[in-house]
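Residue numbers (our numbering): 214 to 1086. From the three backbone atoms N, C-alpha and C, an ideal C-beta is built for every residue, glycine too.
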Amino acid sequence: MEKPPSTGLPGLDRVFTGLLPGDNIVWQVDAVEDYRPFVDPFVRNAIAGGKRLVYFRFARHPELVPRGIGAEIHVLRPDVGFETFTAQIHKVIEEAGRGTSYVFDCLSDLAADWYSDLMLGNFFMVTCPYLYDLDTVTYFALLRDDHSFDAVSAIRGTTQLLIDVFRHKERLYVHPLKVDQRHSPTMYLPHVWDGDAFRPLTESAILSEVLVDLTKRRVDAVPRTLDIWDRKLLRAREVQDEVRLGERLGGEAAEIFARLLRMMVTRDERLVALASRWFDLDDLLAIRRRMIGTGLIGGKSVGMLLARAILCKADARWRERLETHDSFYIGSDVFYTFLVRNGCWRARRGQRNAATFMDGAEEAGERIRSGTFPGFIREQFVAMLEYFGQSPIIVRSSSLLEDGFGNAFTGKYDSVFCPNQGSPQQRLSAFLEAVQMVYASTMSPEALLYRAHRGLIDRDEQMAVLVQRVSGAVHGHLFYPQVAGVGLSYNPYVWSDRIDPEAGVLRLVFGLGTRAVDRSDDDYTRMVALNEPLRRPGSSRGDGGSGYSQRRVDVLDLKENRFASETINDVARVSPDLPIDLYAARRGALARGAAAPRPTDDGWVLLFGKLLSETPFVPYMREMLGILRDAYDYPVDTEFTANFLPDGRCLVNLVQCRPLQVKEGGNIVDPPKRIPRGALVLESRGPIIGQSSLSRLDRVIYVDPAAYSSLSQRDRPSVGHLIGRIVHLPAEDGPRNILLLGPGRWGTSTPSLGVPVSFAEIDKVSAICEIIGVGMPVVPDVSLGTHFFNDLVEANMLYLAVHPTRRGDSLNMKFLAGARNLLAELLPEDAEWAGVVRVIDVPESGDGRVLYLNADSFRQRVVCYLASSGQET
């Protein structure tokens, strides 16, 4: 019969009335030296009894379990991050199985490594139940009075046994504070270790003497029970004050700055280098004053703050040009705390496995949306909302990997507008729902597939949140900024030889910037080359362009407490104080070619003429992008708003900045001077976005415009899903270069305007081409700065459009219709779609010739043609 578990000290077993399988025992000590006397007999007893004993070694104190005695020792590094560290521990526990005995180093070192008592409590809450379920017996230690009440409360509420250990007159005492499922008349009294026995202190005189002496030695307990995070910040403020008064040299301040930077801003080495140059200790202390919870503030917050610091320190005039920001940051530790306390951790842990990362994600997302926050976090939310009052705010994702060098995550995580109207309770409820929507988006298929595709599944990805005041003003019952958009320091779409790519480009809208970052299939945006701001794509300088101007405006409707889209005429009607002449012209005036008085009844057309030619807006934006590009030593991608005040000043609100992943230049190779008509598959004079290149295509997936336009709206999404299946067919001889060719807009959400596909369905394609003017009543939407564009850029995918009826463009319909269609062979179950979707492999369908795609993005020319191998030029 198997012996029951034991501490290895029979007298102590009697105090607890025995140990039970599943017991987690937390020893609360003044020093690690007081933990060791309990570890040694436990280890000896487990090994002598043939138990498997595992020791987790991760702290800075001397080791507790020596090598060579039969224990299994796992050396771990907490600095790899909470999620990775926890996953490593859980993997060992899973492999060890039932009935194992464990010893952990002192847990207090984890709080020091993670700069967070909150995360220490979270670690215990996700690990202790796992050990309990496997009938283990596990020893932990915690330094008394060294952690916040919230962290200790989380541990107390989860463990089975919590034992206070202290010394009095050189003797060790144990005081059980919690023992689950056991009781005795003296169990919860202090016990003195006396030889082999542990004697309860039952005499009141001795009890009071011992405990009063203990209390005297803890007069500093209250400041010590502050979170480790707050203790570090208090020390930082003290040092900063002493440096200002000349009482201390700056050496310790520099050390504290470096520690705080990694503690709450970033641990990415490239961003650490940038932040170390442009931030100072005052900046970090200012961030802390506006933080809720602990942890890192995430990539989006870092980018916004860093860009503002760069501008203001590079040129003091930017202090007057930038709208003051008063954002708040919900630390990444709050995200983990929410997952742990709402039963989502196991699903989160499963996402680190490439084979199972989608399992349980949908259920976890539902748990997040219906979850609750701890009371101490809700109280801080309430205080923040009281600060904002009824001003509209936006709740934005700001994950650790987001907006960094190499991974933009554009559109993968949610951002939610809160018009912020109604009673305090209604506003709190809407805000909590918004934060939970952002958290739940980490479980979305789009985010998980993006992480998998970019090799980030096993990276420590936590979600912080950026809460920003929405820039703009109230106009009647509507709230919106006058101008918003995306600014790129490098222009990858050069639609005229007079455009300098290095000058940068804007994608500009009137109203909220959602129309600039999301592809609006029912509308247009204004593209602005910053060295030629009036030169529109596809038009000559100064022409009207009213046919392709923005028609609808995204706003916040304060009366209805919701996000809305209104026509420009309706917005102008309720905005008498708006300087609309900067942005729009009367349609009648454009038709007559002369200015018209404002009272006319004809509608407004958003052309932004005066904004671009008569205000400092364009010089501001060009200068801003140049400063940021030079500081980053890398192209940048920004989001901004701008408003003109009654005194005429233009204030820019820079709300986001990240490295732009676009690859500049590329190898330009001239195509053959003469291409036989039958060998020319397509030719385009733009728009073209992507690197100049000469590539060999293996497959063309062609959607026949006439056949597609004859489909019902209900059937068209099926075409997009079919294309996704074709794109992801396994390739026996390595990845294929695929050209996707179809009518209208790829990636549209409106089937009447093109083929609705998600980017995840076409992420392995080399080039996408939109056929314009055949079956679809649209013009190409040059989606610079949108989420869709950033997906194309990160995948190094070429975008182009072909107008078969335009001079200089052509499309060889005869070749595309006559080439052998492999769809029925590749996907027999989808053979019914062969009349709509054609899969053409080359050279099989090119009479032995090879299909080349020659793209010159600077000259805005693409030629796709058949030629013998080696005769591509």
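Range of the contiguous beta strand (DSSP E) that encloses residue i
i, result
"PRO413", "410–413"
"TYR1021", "The sequence given here has Gly at residue 1021, not Tyr. First-last for GLY1021: undefined, no H or E at that position."
"ALA471", "No beta strand (DSSP E) contains ALA471, which is instead part of the alpha helix (DSSP H) from 464–473."
"ASN1067", "1063–1069"
"ALA855", "849–857"
"GLN675", "Run containing GLN675: none; DSSP gives neither H nor E here."
"PHE972", "Neither: PHE972 is in no beta strand (DSSP E) and is coded neither H nor E."
"PHE821", "No beta strand (DSSP E) contains PHE821, which DSSP labels as neither H nor E."
"TYR542", "541–543"
Closest Cα partner of residue i within the set the options
i, options, result
"ASP1069", "SER908, LEU966, LEU1024 and ARG958", "SER908"
"GLU745", "SER826, GLY370 and GLU773", "SER826"
"ALA944", "LEU487, ASP627, ASP911 and ASP928", "ASP911"
"LEU721", "LEU535, GLU983, GLY584 and VAL741", "VAL741"
"SER636", "VAL648, GLY602 and SER654", "GLY602"
"ASP1004", "HIS381, PRO234 and VAL730", "VAL730"
"GLY717", "ALA677, GLU773 and VAL831", "VAL831"
"ARG554", "ARG580, ALA1030, LEU402 and GLU455", "ARG580"
"TRP737", "SER702, ILE781 and ILE712", "One detail in the question is off: residue 737 reads as Tyr in this sequence, not Trp. Cα-wise, what sits closest to TYR737 is ILE781."
"GLN1073", "SER1082, HIS941, TRP708 and LEU1011", "TRP708"
"VAL970", "ALA980, LEU942, GLY937 and VAL978", "GLY937"
"GLU773", "GLY724, CYS557, PHE692 and VAL766", "PHE692"
"GLY698", "LEU1013, ASP671, ARG887 and ARG739", "ARG739"
Distance between residue j and residue i (C-alpha atoms, nearest Å)
i, j, result
"ARG503", "ARG609", "15 angstroms"
"ALA807", "ALA798", "Model confidence at ALA807 stands at a pLDDT of 46, short of 50, so the residue's coordinates are unreliable; what they give is reported in the following sentence. Their Cα atoms are separated by approximately 10 angstroms."
"VAL350", "LEU225", "15 angstroms"
"ILE607", "SER540", "10 angstroms"
"LEU374", "GLN241", "11 angstroms"
"PRO389", "LEU289", "30 angstroms"
"PRO848", "ASP243", "53 angstroms"
"GLN453", "GLU715", "41 angstroms"
"ASN866", "ARG530", "14 angstroms"
"ASP756", "LEU743", "Confidence at ASP756 is low in this model, with a pLDDT of 43, below 50, so the placement of that residue should be treated as unreliable; the coordinate-derived value is given next. Each residue's Cα considered, the two are about 17 angstroms apart."
"PRO436", "ASP627", "With a pLDDT of 45 at PRO436, under the threshold of 50, the modelled position of that residue is not reliable, and the figure given next carries that caveat. Cα to Cα, the separation comes out at about 39 angstroms."
"THR372", "TYR386", "20 angstroms"
"ILE510", "LYS445", "17 angstroms"
"GLN926", "SER965", "7 angstroms"
"VAL432", "PHE379", "Because the pLDDT of VAL432 is 44, which lies under 50, any placement of that residue in the model is unreliable, and the question is left without a value."
"TYR315", "PHE336", "16 angstroms"
"GLU455", "LEU447", "13 angstroms"
"GLY544", "LEU233", "38 angstroms"
"HIS688", "VAL868", "22 angstroms"
"ARG1101", "ILE902", "Since the first residue shown for the chain is 214 and the last is 1086, residue 1101 is missing from the structure and cannot be characterised."
"PRO632", "ILE590", "22 angstroms"
"ALA410", "VAL239", "21 angstroms"
"ALA434", "ARG280", "Legend: pLDDT at ALA434 = 45, less than 50; position of this residue unreliable, value from coordinates given subsequently. Those two C-alpha atoms are separated by around 36 angstroms."
"GLY724", "ALA471", "40 angstroms"
"TYR652", "PHE548", "7 angstroms"
"ALA809", "GLY822", "Confidence at ALA809 is low in this model, with a pLDDT of 44, below 50, so the placement of that residue should be treated as unreliable; the coordinate-derived value is given next. For ALA809 and GLY822, the distance between alpha carbons rounds to 15 angstroms."
Residues sharing a beta bridge with residue i, DSSP
i, result
"LEU1013", "ILE901 and CYS982"
"LYS391", "LEU375"
"SER397", "Per DSSP, none; premise fails for SER397."
"VAL293", "VAL293 is not bridged to any residue."
"HIS287", "PHE269"
"SER612", "MET676"
Residue i Cβ short of 8 angstroms to the ligand SAM heavy atom set
i, result
"LEU662", "The ligand SAM is not part of the structure shown, which contains no ligands of any sort."
Start and end residues, alpha helix (DSSP H) containing residue i
i, result
"SER906", "Taken as a continuous stretch (DSSP letters only), SER906 belongs to no alpha helix (DSSP H), being part of the beta strand (DSSP E) at 906–910."
"CYS525", "512–527"
"ARG457", "441–457"
"LEU494", "494–502"
"HIS688", "First-last for HIS688: 686–688, but that is the beta strand (DSSP E), not the alpha helix (DSSP H)."
"ASP843", "830–845"
"GLN603", "No alpha helix (DSSP H) holds GLN603; DSSP gives it neither H nor E."
"ASN237", "That residue, ASN237, is in no alpha helix (DSSP H); its beta strand (DSSP E) goes 237–242."
"ASP253", "249–261"
"LEU232", "Per DSSP, LEU232 belongs to no alpha helix (DSSP H) and is neither H nor E."
* To do: Entirely within the region 627–663 and at least 3 residues each: give me those beta strand (DSSP E) ranges in chain order.
  => Inside the region 627–663, DSSP marks whole beta strand (DSSP E) runs of 3 or more residues at positions 628–631, from first to last along the chain.
Check your understanding: If you scan the region 691–760 from start to end, which runs of the alpha helix (DSSP H) of 4 or more residues do you find wholly inside it?
Key -> The qualifying runs are 727–730.
request  = Scan the region 343–376 and note each continuous alpha helix (DSSP H) run of 4 residues or more that stays entirely inside, going in chain order.
outcome  = 362–371
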